[in-house]
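Letter 128 of the sequence shown, counting from 1, is numbered 127 in numbering that gives the first Met the number 0, and no numbers are missing. All residues carry an ideal CB built from backbone N, CA and C; glycine is no exception. One structure below.
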Amino acid sequence: MRTTHTINELKAYLQHHRNRGHRIALVPTMGNLHQGHLALVKAARQQADVVVTSIFVNPLQFGANEDLDSYPRTLAEDQRLLNETGNDLVFAPSPREMYPNGLDQHTRVTVPVITELHCGANRPGHFTGVATVVTLLFNIVQPDVAVFGEKDFQQLAVIRKLAQDLCLPVHVESMPTYREADGLAMSSRNRYLSPQERSKAVLIYQMLEATAEHIRKGRRDYTALTDQAVRSLAEQGFKPDYFNIVNSQTLAPAEYTDLQVTLLAAAWLGNTRLIDNISVDLKDASNH
Ligand code: PAF
0 MRTTHTINEL KAYLQHHRNR GHRIALVPTM GNLHQGHLAL VKAARQQADV VVTSIFVNPL
60 QFGANEDLDS YPRTLAEDQR LLNETGNDLV FAPSPREMYP NGLDQHTRVT VPVITELHCG
120 ANRPGHFTGV ATVVTLLFNI VQPDVAVFGE KDFQQLAVIR KLAQDLCLPV HVESMPTYRE
180 ADGLAMSSRN RYLSPQERSK AVLIYQMLEA TAEHIRKGRR DYTALTDQAV RSLAEQGFKP
240 DYFNIVNSQT LAPAEYTDLQ VTLLAAAWLG NTRLIDNISV DLKDASNH
């Protein structure tokens with residue numbers, strides 16, 4: 000497995016494969032890889048001849064008071080895991096390689112409306128940072144397929160819309176959230192949790208699951224369910240950013256008649272912000 004830090008070297012490598020008609024897959028990451036990321040690489044492996052994983056802690060998607068400096072950077076260990084998983088090339092550029100004229104000078108890609116709610120409401124500029132770097136990565140790598148995790152449900156919706164609206168010639172693929180044995184969604188930020196916080200963190204998933212079960216059993220009083228979930232999380236010591244029940248396609252507040260809804264949650268536990276989601280298919284539940 001090779002690693003490159005420059006766009007030119009990456010392009011030369013990929014041109015060689017493209018000339019041979021090889022299919023290329025991209026797995027964009029910020030590194031500090033866990034089993035969830037590796038599942039994306041395995042899915043990519045099955046769909047392409049060449050798998051490129053990018054590792055770039057993108058400064059453009061972090062707010063001024065967020066964890067850009069402390070975000071875990073573990074390139075050597077990531078390389079080891081990727082090598083074992085059948086990845087072909089690691090692209091690990093510096094911020095200067097990606098934004099040669101600095102962040103302020105760089106052209107932005109902004110996806111309207113679906114970026115304004117949920118995480119977007121609490122993290123202004125975050126999704127513009129994500130959309131910009133993902134567009135940049137798509138243009139550099141020109142992958143046939145790109146694979147993302149479903150844990151960042153809103154991010155996935157933003158990327159799908161971006162690819163569709165701008166007719167980007169890439170197939171956006173997603174993989175289900177990878178969970179720890181107790182149900183906690185795997186995330187690089189879980190390593191910020193103290194042992195006490197770690198044992199409590201799973202309550203977000205349990206709250207999503209309990210609320211989803213109410214919906215599966217026929218409840219549609221979404222506002223009451225949301226209020227109840229926020230109250231319970233706060234009582235358990237979380238500082239909830241939001242707990243929203245939305246239409247899975249538009250991410251707008253769910254309506255009584257929606258046939259697929261997604262429960263989105265974000266909450267602080269100490270200094271760690273955790274997000275998770277569960278989708279509920281109601282197509283077979285119309286008799287309720
Ligand atoms: O999900 C992530 O790790 C990042 O937001 C992404 C998609 C790699 C863009 O920096």
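{"Query": "When every heavy atom of the ligand PAF is checked, does at least one fall within less than 7 Å of the C-beta of P27?", "Result": "yes"}
{"Query": "Starting from A47, follow its DSSP beta bridges and name the residues at the other end.", "Result": "Note: A47 sits in no beta bridge, so no partner."}
{"Query": "Kindly indicate which three-state DSSP category P168 falls into: helix, strand or coil?", "Result": "coil"}
{"Query": "What ranges does the beta strand (DSSP E) occupy inside the stretch 218-251, keeping only unbroken runs of at least 3 residues that lie completely in it?", "Result": "238-246"}
{"Query": "Please state whether DSSP places L74 in a helix, a strand or coil.", "Result": "helix"}
{"Query": "Could you tell me which uninterrupted alpha helix (DSSP H) segments, each at least 4 residues in length, are contained entirely in the stretch 57-123, listed from first to last along the chain?", "Result": "74-84, 94-97 and 118-121"}
{"Query": "Buried or exposed for Q163, going by 16 or more other Cβ atoms inside 10 Å?", "Result": "exposed"}
{"Query": "Looking at the structure shown, is G128 part of a helix, part of a strand, or coil, going by DSSP?", "Result": "helix"}
{"Query": "Measure the alpha-carbon distance for V245 versus Q259 and round it to whole angstroms.", "Result": "9 Å"}
{"Query": "Exposed or buried, what is N86 when buried is set at 16 or more other beta-carbons lying within 10 Å of its beta-carbon?", "Result": "buried"}
{"Query": "Check the DSSP bridge columns for F147 and list the partner residues they point to.", "Result": "S173"}
{"Query": "Considering only DSSP beta bridges, list what N276 is partnered with.", "Result": "L263"}
{"Query": "For L102, which residues from the same chain have a beta carbon less than 7 Å from its beta carbon, with the 5 sequence-adjacent residues on both sides left out?", "Result": "P58 and L59"}
{"Query": "According to DSSP, simplified to helix, strand and coil, what is T256?", "Result": "coil"}
{"Query": "Since T127 contacts V146 with CB under 8 Å, what's their CB separation in whole angstroms?", "Result": "Not quite, the Cβ-Cβ distance comes to about 22 Å (not below 8 Å), so this is no contact."}
{"Query": "If you reduce the DSSP assignment to three classes, tell me which class R22 lands in.", "Result": "coil"}
{"Query": "M174 and L39 look like a contact to me (Cβ under 8 Å); what is the Cβ gap, rounded to whole Å?", "Result": "5 Å"}
{"Query": "Let me know the secondary structure DSSP gives A180 once reduced to three states.", "Result": "coil"}
{"Query": "Of all the CB atoms in chain C, is at least one closer than 8 Å to the CB of W267?", "Result": "As a matter of chain content, chain C is missing from the structure shown, which is built from one protein chain."}
{"Query": "For a quick check, are the C-beta atoms of A91 and T28 less than 8 Å apart?", "Result": "no"}
{"Query": "Could you pull the DSSP bridge partners for I54 from this structure?", "Result": "T28"}
{"Query": "Would you report the Cα separation of V26 and V50, rounded to the nearest angstrom?", "Result": "8 Å"}
{"Query": "Taking the beta carbon of L37 as the centre, do at least 16 other beta carbons fall within 10 Å, making it buried, or is it exposed?", "Result": "buried"}
{"Query": "Please classify Q104 as buried or exposed, where buried requires at least 16 other C-beta atoms within 10 Å of its C-beta.", "Result": "exposed"}
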